[in-house]
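K.L.:
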Amino acid sequence: MILAISYPGEEHTDDVVGRLERRGLDVLRIDLADFPGRTGLSCTWNSSEGTRSMISTPDGTFDLQDVRAAWWRRVRHPSVDPAITDPNAAAFVLSETNEAVDGMLDSLDCLWMNPRAADNAAHHKPLQWTVARQVGLTVPDTLVTTDPDHARKFIHRSSGCQTVFKAFIAMADAWRETRLVEASDLDHLESVRLAPVIFQDYVPGVDLRIIHVGEKFYTAELDARSTSYPVDMRMVIGEANVRSVFLPESVEERLLALQKRLGLVYGAIDMRRTETGEYVFLEVNPAGQWLFVESLTGLPISQAVADQLESMANGVNRNSYSKVTASAIGGSH
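First residue of the sequence shown: 147, per the numbering used here; consecutive thereafter.
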């Protein structure tokens, strides 16, 4: 059985789960927000039955010991019954539920895409940039700071260099585009004391959205240079010229080294190729979107994701991707 952890209506999960089910594979899809109300759990350790992890959903009761591969896609947190109105009681219920659910999932003897601890750590951009440089990728000069003076010095350090600022996470309810630092922004630098801000050299060039699945890369070139907002291609995908391209072998080797160091089986990588042909790493999203790339280029990414999950369920790549934890990220390779 393949376990898919995501929320209802997540279109990437819908597509891949549909493909797996049409192949006749058993797929159990759960939403962590359904715990503990709509989805219950019972985990036992005893001499007669050994270790068992059972969950009950509106669709039936399932033994998680049957899971051979798990997909940690885009998840929501467990929820608290609205009848619990006391804040302290609600906090206790949520803490207990998280401990039980997280422990149950981490105890599963299966392959993960992506391993949960590695996925969580790899979302942090400072870790990404550190590992990227270690494996030989080019990273723009970058500053993360809460110090207005440091921000000011970074912005003014070179008269011929433009600077962008951006958020760590693209939150749905507080989304912010990447922006060039303008003269009017300099009057507001004191506000960085309130929350860390990413400042980074602006790298002119062509955007690359690179989808990594297992050992394969699927790359789309998104040329937004002549659009209304070349700073952030997410704002102008409909205006950009898009085509599928191949990466140089040396770049793929470094990206694969990055993904393995981070412990990721899947990732959506953003890079820029400069006018001189240099490939510059910007970030990797362990749960990044790919359907827009697939629709614009015809690259068979959904098929690749389904194939990867099926092969993992069959025990392929077990040595590479099982039991990857955050502690492995900092180890020797």
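Positions of the beta carbon are idealized from the N, C-alpha and C atoms, including for glycine. Here the structure is a predicted model, which is why all the values come from computation and not from measurement.
Can you tell me whether DSSP reads W436 as helix, strand or coil?
P.N.:
coil
K.L.:
Span of the alpha helix (DSSP H) holding I301?
P.N.:
Per DSSP, I301 belongs to the alpha helix (DSSP H) from P294 to H302.
K.L.:
Taking just the CA atoms, how far does E156 sit from G206?
P.N.:
22 Å
K.L.:
Give the straight-line distance between the Cα atoms of H158 and R169, rounded to the nearest whole angstrom.
P.N.:
17 Å
K.L.:
Could you check if A341 is buried or exposed, using at least 16 other CB atoms within 10 Å of its CB as the buried criterion?
P.N.:
Burial call: exposed.
K.L.:
Leaving out the 5 sequence neighbours to the left and right, which residues in its chain are closer than 6 Å to R400 when beta-carbon positions are compared?
P.N.:
V281, G282 and L283
K.L.:
Scan the region 219-307 and note each continuous alpha helix (DSSP H) run of 4 residues or more that stays entirely inside, going in chain order.
P.N.:
233-252, 262-268, 271-280 and 294-302
K.L.:
Could you give the distance in angstroms between the alpha-carbon of E361 and the alpha-carbon of K271?
P.N.:
22 Å
K.L.:
Once the 5 residues before and after E167 are set aside, which same chain residues still bring their CB inside 7 Å of it?
P.N.:
V173
K.L.:
Taking the alpha carbon of G186 as the point to measure from, which residue in R175, P350, S202 and L171 has its own alpha carbon closest?
P.N.:
S202
K.L.:
Give every residue of the same chain whose Cβ lies closer than 6 Å to the Cβ of I215, excluding the five residues on either side of it in the sequence, and list them in chain order.
P.N.:
Checking the sequence shown, residue 215 turns out to be Ala, not Ile. Here the set comprises I148, C256, L257, L455, M458 and A459.
K.L.:
Given a cut-off of 8 Å, decide if D287 and D232 are closer than it, judged by their beta-carbon atoms.
P.N.:
no
K.L.:
Span of the beta strand (DSSP E) holding V310?
P.N.:
T309 to K312
K.L.:
Excluding five sequence neighbours on each side, which residues of the same chain lie with their C-beta closer than 6 Å to the C-beta of K312?
P.N.:
T324 and I344
K.L.:
Buried or exposed, going by whether 16 or more other CB atoms sit within 10 Å of the CB of W191?
P.N.:
exposed
K.L.:
Could you give the residue range of the beta strand (DSSP E) that holds R198?
P.N.:
R198 -> beta strand (DSSP E) spans G196 to T203.
K.L.:
State the DSSP-derived secondary structure class of H479, mapped to helix, strand or coil.
P.N.:
Bear in mind that the predicted position of H479 carries a pLDDT of just 34, short of 50, making it unreliable; the figure below should be weighed with that in mind. Coil at H479, not helix or strand.
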